[in-house]
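**Student:** First the structure, which I've put down as structure tokens, then a few questions once you've had a look.
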Amino acid sequence: MNANLKDPAPATAAPGSAGSSLPALNQWVAQVAALTRPDAIVWCDGSDAEYQALLQRMLADGTLETLNQDTHPGSYLHRSHPDDVARVEHLTFVCTQQPEDAGPNNHWMAPRDAHAKMDALFEGCMKGRTMYVIPYCMGPIDSPLARCGVEITDSPYVVANMRTMTRMGAAALKRIEGGDSFVRGLHSIGELDPERRFIMHFPDELTIKSFGSGYGGNALLGKKCHALRIASHQARNEGWLAEHMLIVGIENPQGETHYVAAAFPSACGKTNLAMLIPPEGYRQAGWKVWTVGDDICWMRPGADGRLYAINPEAGYFGVAPGTSAKSNPNALASIQTNTIFTNVGVTADAQPWWEGLDNGLTPVTDWRGNDFDAAKGPAAHPNARFTVSAKQCPSYSPEAENPAGVPISAIVFGGRRASLVPLVFEARDWTHGVLVGAAMGSETTAAATGAVGVMRRDPMAMKPFCGYNFADYFGHWLSFDQAGAKLPKVFHVNWFRKGDDGKFLWPGFGDNLRVLEWMIGRVKGEAGAAETPIGHLPQASDLNLDGVALSEEAHAKLFGFDHAGWSAEFDSIGEYLREYGPRMPQALHDEQKRIAAALKG
Ligand code: SAT
Ligand code: MN
Numbered sequence: 009m010n011a012n013l014k015d016p017a018p019a020t021a022a023p024g025s026a027g028s029s030l031p032a033l034n035q036w037v038a039q040v041a042a043l044t045r046p047d048a049i050v051w052c053d054g055s056d057a058e059y060q061a062l063l064q065r066m067l068a069d070g071t072l073e074t075l076n077q078d079t080h081p082g083s084y085l086h087r088s089h090p091d092d093v094a095r096v097e098h099l100t101f102v103c104t105q106q107p108e109d110a111g112p113n114n115h116w117m118a119p120r121d122a123h124a125k126m127d128a129l130f131e132g133c134m135k136g137r138t139m140y141v142i143p144y145c146m147g148p149i150d151s152p153l154a155r156c157g158v159e160i161t162d163s164p165y166v167v168a169n170m171r172t173m174t175r176m177g178a179a180a181l182k183r184i185e186g187g188d189s190f191v192r193g194l195h196s197i198g199e200l201d202p203e204r205r206f207i208m209h210f211p212d213e214l215t216i217k218s219f220g221s222g223y224g225g226n227a228l229l230g231k232k233c234h235a236l237r238i239a240s241h242q243a244r245n246e247g248w249l250a251e252h253m254l255i256v257g258i259e260n261p262q263g264e265t266h267y268v269a270a271a272f273p274s275a276c277g278k279t280n281l282a283m284l285i286p287p288e289g290y291r292q293a294g295w296k297v298w299t300v301g302d303d304i305c306w307m308r309p310g311a312d313g314r315l316y317a318i319n320p321e322a323g324y325f326g327v328a329p330g331t332s333a334k335s336n337p338n339a340l341a342s343i344q345t346n347t348i349f350t351n352v353g354v355t356a357d358a359q360p361w362w363e364g365l366d367n368g369l370t371p372v373t374d375w376r377g378n379d380f381d382a383a384k385g386p387a388a389h390p391n392a393r394f395t396v397s398a399k400q401c402p403s404y405s406p407e408a409e410n411p412a413g414v415p416i417s418a419i420v421f422g423g424r425r426a427s428l429v430p431l432v433f434e435a436r437d438w439t440h441g442v443l444v445g446a447a448m449g450s451e452t453t454a455a456a457t458g459a460v461g462v463m464r465r466d467p468m469a470m471k472p473f474c475g476y477n478f479a480d481y482f483g484h485w486l487s488f489d490q491a492g493a494k495l496p497k498v499f500h501v502n503w504f505r506k507g508d509d510g511k512f513l514w515p516g517f518g519d520n521l522r523v524l525e526w527m528i529g530r531v532k533g534e535a536g537a538a539e540t541p542i543g544h545l546p547q548a549s550d551l552n553l554d555g556v557a558l559s560e561e562a563h564a565k566l567f568g569f570d571h572a573g574w575s576a577e578f579d580s581i582g583e584y585l586r587e588y589g590p591r592m593p594q595a596l597h598d599e600q601k602r603i604a605a606a607l608k609g
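With the working numbering, the residue at position 186 of the sequence shown is 194, and numbering never jumps.
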């Protein structure tokens, strides 16, 4: 049995932490306790002492293992149940009154049925366990763009991760007690039985119920459940955007910083782009890169008409495999201390290890805790993760704490596309940009259960995360194009184009700055591009490619335009839009038809 399941030593509630001054919150906690019947209730204050006590407790019951404290001080390993390693999209529901409001992009259940199903699962599930009440704030505590929530969970691992990933504890509770509305998230790991596992969202009630999984995206309810599914719904009602985007600041040698928000599906390099190290020549010239966020972006128009963005998170829940001193030195530096590793391999001297770390060490134990045997699979699970405070990142931007957010100059959409899609192109205008986002396709990754490498439409990288009908969501995006708006330019990138030999044609990582520089040049009206039916496409000579060796094939495929291929793609995009029926905004149909006609002409 997984050590996470039972909790033999109830924690004592700290003095003065027996509740809140908000009757509605206390009542909900009491109701949940009556349903789940925990042995003890702890209101989390977010303090260091509380965190240390949690760690000790998890080390004692086997939920965590200690790692080498000389090389990785304050860092620990968690091995999840082997059937509980990723998001479960087929078990994730959006429970609006009407199925059409959830849309074909979501699984739907009637709220009343969903509550009944979940409450039956929660009945008595915390007997023998401690129930933790976690007040948290998504975004800087003093930001008007931030939003609060309270997660109730029986998993100390979730508490520890929420402390890193959100502003958790006393300050958030104060904001809630001061009158902020808050999202109610109820979570239990249950028996970790995939047959008794559901993640339910009730956007009209600002409520989440999650049962049967301890994995990040299913269990850290502030993250995808709140900050994307519930928040996207709230954002639509309140005139803002909750997006699956990194936020990165690019400072040029003149000291001018442009912020870029970029949407890529899970495990497609958001963390790497957010923490990019400029190539040597750029570094010498004085270019700097500032990390604001690596996964989620909340944006709203400011008084000057520009979109201002905050990162609602306070930490990174990043994919470990592939992270190395070469691919992402900032991430690697961030995770040297005070990091929780989940499902990585371990070396003989208890250092964390994963495929692609390339540090000269070898693993002796795999993510399941068995002796490592390369014939039986990788040492780290492909979706192994690290959880670390954003403040530990050497490129962490001080502007990430700015309550007003940062102004966004460019929005970037991108996916994994082995063929057809060039390195970068720019949308002609906002409506075209929304179509580019809506038409995004990507090959699936290990971040969700299911087949890997299958091309699917993943509009704006929100397929698993949009809390309402995509047709309405695209309409909401279109609505930002108003008089006085100074909207960012919209781009599409593809770092994953492959050659005939199956190898990537673009070096990626730090060299992606060359593409970002071109985008900023476009924003400033300084960089060139050729007009094509799919948008403004740079020639190789429009980018700074000094020191990049590209083959002839790479040149042709990264900067070329495959007329016939795009024509077929636009037919497929048209079909996709039609799947949404009459709710799909006519403006997107018109845009698709216009481009399809130009491609046929
Ligand atoms: O597990 S998470 O959903 O938080 C990470 C991801 O898949 O993007
Ligand atoms: Mn993500």
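We treat Cβ as the ideally placed atom computed from N, Cα and C, and that holds for glycine.
(1) Tell me where the alpha helix (DSSP H) around E246 begins and ends.
(2) Straight-line CA distance for D519 to Q344?
(3) By DSSP, does E434 sit in helix, in strand, or in coil?
(4) Tell me whether W574 sits in a helix, a strand or coil according to DSSP, three-state version.
(5) With respect to the beta strand (DSSP E) encompassing H234, which residues constitute its N-terminal and C-terminal limits?
(6) Can you tell me where the alpha helix (DSSP H) holding G224 begins and where it ends?
(7) L284 and G198: beta carbons closer than 8 Å?
(8) Please classify D374 as buried or exposed, where buried requires at least 16 other C-beta atoms within 10 Å of its C-beta.
(9) Below 8 Å, can you find three or more Cβ-Cβ pairs linking the stretch 517-537 to the stretch 256-273?
(10) Below 8 Å on the Cβ atoms is my guess for V444 versus F421; work out the distance and round it to an integer in Å.
(11) M208 by DSSP, collapsed to three states: which one?
(12) For ligand 1, I want to know if K601 counts as a neighbour, meaning its beta carbon is within less than 7 Å of at least one of the ligand's heavy atoms.
(13) Which residues in the same chain have their Cβ closer than 6 Å to the Cβ of A456, if we skip the five residues on either side of it in sequence?
(14) If H234 sits next to Y165, beta carbons under 8 Å apart, how far is it from one beta carbon to the other, in whole angstroms?
(15) For D550, which of G543, A398 and A537 has the nearest alpha-carbon?
(16) Check whether the Cβ atoms of L75 and M66 sit closer than 8 Å, and answer yes or no.
(17) Could you compute how far the alpha carbon of S427 sits from the alpha carbon of M468?
(18) For S28, is the beta carbon positioned less than 7 Å from some heavy atom of ligand 2?
(19) May I ask whether a heavy atom of ligand 2 can be found less than 7 Å away from the beta carbon of H234?
(20) Roughly how many whole angstroms lie between the Cα atoms of A32 and K182?
(21) Should Q600 be labelled buried (16 or more other beta-carbon atoms within 10 Å of its own) or exposed?
(22) Is L236 closer than 8 Å to F478 when the C-beta atoms are compared?
(23) With DSSP run on the structure shown, which of helix, strand or coil describes I184?
(24) Within its chain, find whatever has a CB closer than 8 Å to the CB of Y316; leave out the 5 residues flanking it on each side and keep chain order.
(25) With a threshold of 7 Å (Cβ to nearest heavy atom), would S240 be considered close to ligand 2?
(26) Is it buried or exposed for H544, if we count other Cβ within 10 angstroms and need 16 for buried?
(27) Just to confirm the assignment, what range does the beta strand (DSSP E) spanning G323 have?
(28) Where do the ends of the beta strand (DSSP E) carrying A250 lie?
(29) Any heavy atom of ligand 1 within a distance shorter than 7 Å of the CB on S274?
(30) For A548, which residues from the same chain have a beta carbon less than 8 Å from its beta carbon, with the 5 sequence-adjacent residues on both sides left out?
(31) Using only the alpha-carbon positions, how far apart do D598 and E259 sit?
(32) For T439, count neighbouring Cβ atoms within 10 angstroms of its own Cβ and tell me buried if that reaches 16, exposed if not.
(33) Going by beta-carbon coordinates alone, are F349 and F380 separated by less than 8 Å?
(34) Here's the rule I'm using: 16 or more other beta-carbon atoms within 10 Å means buried, otherwise exposed. How should Q359 be labelled?
(35) Taking 7 Å as the cut-off, does the CB of H544 come closer than this to any heavy atom belonging to ligand 2?
(36) To the nearest angstrom, how far is the alpha carbon of E539 from that of D579?
**Tutor:** So, from the listed chains and residues:
(1) A239 to E246
(2) 25 Å
(3) strand
(4) helix
(5) Note, H234: premise wrong, no beta strand (DSSP E); not H, not E.
(6) G224 to A227
(7) no
(8) buried
(9) yes
(10) 6 Å
(11) strand
(12) no
(13) A94, R95 and E97
(14) Contact flag wrong, Cβ pair sits at about 18 Å.
(15) A537
(16) no
(17) 19 Å
(18) no
(19) no
(20) 14 Å
(21) buried
(22) no
(23) helix
(24) L153, M307, R308, P309, G310, A412, G413, V414, P415 and I416
(25) no
(26) buried
(27) G323 to V327
(28) L249 to E251
(29) yes
(30) L558, H563, L566 and F567
(31) 38 Å
(32) buried
(33) no
(34) buried
(35) no
(36) 21 Å
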